[in-house]
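> Sharing a structure below in structure tokens format, with a few things to ask.
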Amino acid sequence: MEDAPLAVHVEFNSTLGAAFLGHFVTAILYGITSLQTYLYFKWHHTDPPLLKYLVFVLWIFDSLHVSLITYSMYFYMVTNYADPFIVERPVWSIMAMIMVSNVSNIIVRGVFSHRLWKLSGRSLIFPLSVGVLSLYVAGDGFYFAIRGLQSASYQDVHHFSWSLYVGFAFEVVVDGTITVSQCLLLRRLRTGIRRTDSVISVLMLYSINTGLFPSVCALLCLITFTVLPHMFVYFAFYFVLSKFYVNSLLANLNARTTILEPISPRAGERHCNNIKLPYSVSSGTCEADPASAQFSTVVDPLMSTSNMPRISVAEMSQSVH
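Note that the UniProt record's numbering has the sequence shown beginning at 1, numbered continuously upward.
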């Protein structure tokens with residue numbers, strides 16, 4: 001009598017199931033990215049060409065990112081659905097996705113580094129710190145991806161898992177550095193005037209939110225890989241990490257109109273009539289004070305601040321009468 005075949009048990013819920021949920025959230029965030037990109041090009045025609053080019057490049061990388069994840073899920077769940085051991089085999093598209101993520105992330109951090117450079121009065125301390133950390137994170141990601149392509153099993157990944165631990169830890173540090181630095185530098189712009197200080201408070205809130213989601217996501221990647229190394233839970237968080245970076249930048253860019261509304265030319269004209277704006281009347285013009293003039297740089301780090309609103313006294317008198 002022949003022996004019955006040995007039953008093979010593979011836990012799909014914690015492997016492909018977790019990765020599938022991460023892919024589902026990634027697809028939703030990609031839709032938000034696409035919408036924000038469309039709104040950006042619709043609303044901000046006058047932005048510098050470099051900024052528009054970077055936004056377009058980020059959307060291309062984001063599209064490639066979600067395409068590689070989709071291919072990976074199709075490879076595991078459709079093409080090789082009958083092979084229960086396929087979950088142990090790294091697929092090239094996962095490693096390519098890691099490379100694309102790191103390129104996209106370093107572009108976003110580069111924009112925020114430029115913002116820190118502007119906010120700090122063109123000091124190199126903050127942007128260089130962020131730049132060095134970001135380059136290490138990107139190099140670490142490429143190292144892991146290349147080693148992953150040479151591995152026959154995810155079990156082999158644990159031979160160089162130190163790169164994941166260090167990479168995720170540095171991601172948390174660099175995101176925290178960006179957030180704290182922006183808040184400290186913005187705090188220096190406070191003037192004691194309620195209206196301008198309220199704008200700075202909103203900018204600080206945006207800065208905190210910008211760094212919070214990527215930092216928490218990177219921390220969850222680190223924790224889940226440490227606690228659940230044989231599951232794909234860390235993949236679920238890593239899939240969405242890059243999407244948080246891109247969406248945080250686009251949200252900042254698209255929110256400029258709302259944030260700058262209190263110091264817009266129209267708002268300036270209204271408040272000059274009531275002598276409530278931080279404007280000074282000199283030589284027949286009503287000019288924004290230096291603190292207000294820095295807001296466009298804060299919100300849009302690649303935009304010049306030389307075109308801040310100038311309101312003539314004649315226009316003010318006409319509006320009064």
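We put the CB at the ideal spot given by N, CA and C, even for glycine.
Counting Cβ pairs, one atom from each stretch, are 3 or more of them under 8 Å apart for the stretch 100-117 and the stretch 150-166?
No, they do not touch.
> Where does Arg-194 fall in DSSP's three states?
Arg-194 falls in the helix class under three-state DSSP.
> Given Thr-179, which residues of its chain have a CB within under 8 Å of its CB, disregarding the five upstream and five downstream residues?
The residues are Ser-207, Ile-208, Thr-210, Gly-211, Leu-212, Ser-215.
> So is Val-132 buried or exposed if we call it buried at 16+ other beta carbons inside 10 Å?
Exposed, because fewer than 16 other Cβ atoms sit within 10 Å of the Cβ of Val-132.
> Between which two residues does the alpha helix (DSSP H) containing Asp-62 stretch?
49-74 is the span of the alpha helix (DSSP H), which, as asked, contains Asp-62.
> Please give me, in chain order, every unbroken run of the alpha helix (DSSP H) with length at least 4 that falls completely inside the UniProt domain "DUF6534" (172-257).
List check, alpha helix (DSSP H) in window: 194-227, 233-254.
> For Lys-243, count the other beta carbons within 10 Å of its own beta carbon; 16 or more makes it buried, fewer makes it exposed. Which is it?
When all chains shown are included, Lys-243 counts as buried.
> What residue from Arg-194, Leu-250, Met-99 has the CA that sits closest to His-65's CA?
Here the closest residue by C-alpha is Met-99.
> Rounding to the nearest angstrom, what Cα-Cα distance links Thr-191 and Asp-197 in this structure?
Distance between the alpha carbons of Thr-191 and Asp-197: 7 Å.
> Check His-45 in the structure and name its three-state DSSP category.
In this structure, His-45 counts as coil in the three-state DSSP scheme.
> By Cβ distance, which residues of its chain are closer than 6 Å to Phe-126, with the 5 residues on each side in sequence left out?
Result list for Phe-126: Leu-116, Ser-120, Ser-181, in chain order.
> Examine chain D for any beta-carbon lying closer than 8 Å to the beta-carbon of Leu-68, and answer yes or no.
Absent here is chain D; the protein component of the structure consists of one chain.
> If we call anything under 8 Å between Cβ atoms a contact, is Arg-109 one with Val-202?
Result no, Cβ atoms of Arg-109 and Val-202 do not sit closer than 8 Å.
> Taking the Cβ atom as the reference point for each residue, do Ser-93 and Ser-72 lie within a distance shorter than 8 Å?
Yes. Within cutoff.
> Does Gly-31 pass the burial test, meaning 16 or more other C-beta atoms within 10 Å, or should it be called exposed?
Label assigned to Gly-31: exposed.
> Tell me, to the nearest whole angstrom, how far the beta carbon of Val-199 is from that of Ile-259; I am working on the premise that it is less than 8 Å.
The pair is a contact, with the Cβ atoms about 6 Å apart (cut-off 8 Å).
> Please check the pair Met-95 and Leu-149, which I expect to be a contact at CB under 8 Å, by giving their CB distance rounded to whole angstroms.
That belief holds up - the Cβ atoms of Met-95 and Leu-149 are roughly 5 Å apart, short of 8 Å.
> Suppose you measure from the CA of Glu-11 to the CA of Val-157; what does that come to, to the nearest Å?
Whole-angstrom Cα-Cα distance: 19 Å.
> Rounded to the nearest angstrom, what separates Leu-16 and Val-57 at their Cα positions?
Approximately 30 Å, taken between the alpha carbons.
> Rounding to the nearest angstrom, what Cα-Cα distance links Leu-135 and Arg-147 in this structure?
Roughly 18 Å separates the two Cα atoms.
> Between Thr-177 and Leu-219, what straight-line distance do the alpha-carbon atoms span, to the nearest angstrom?
The straight-line gap from Cα to Cα measures roughly 14 Å.
> Express the C-alpha separation of Met-77 and Glu-88 in angstroms, rounding to a whole number.
Those two C-alpha atoms are separated by around 13 Å.
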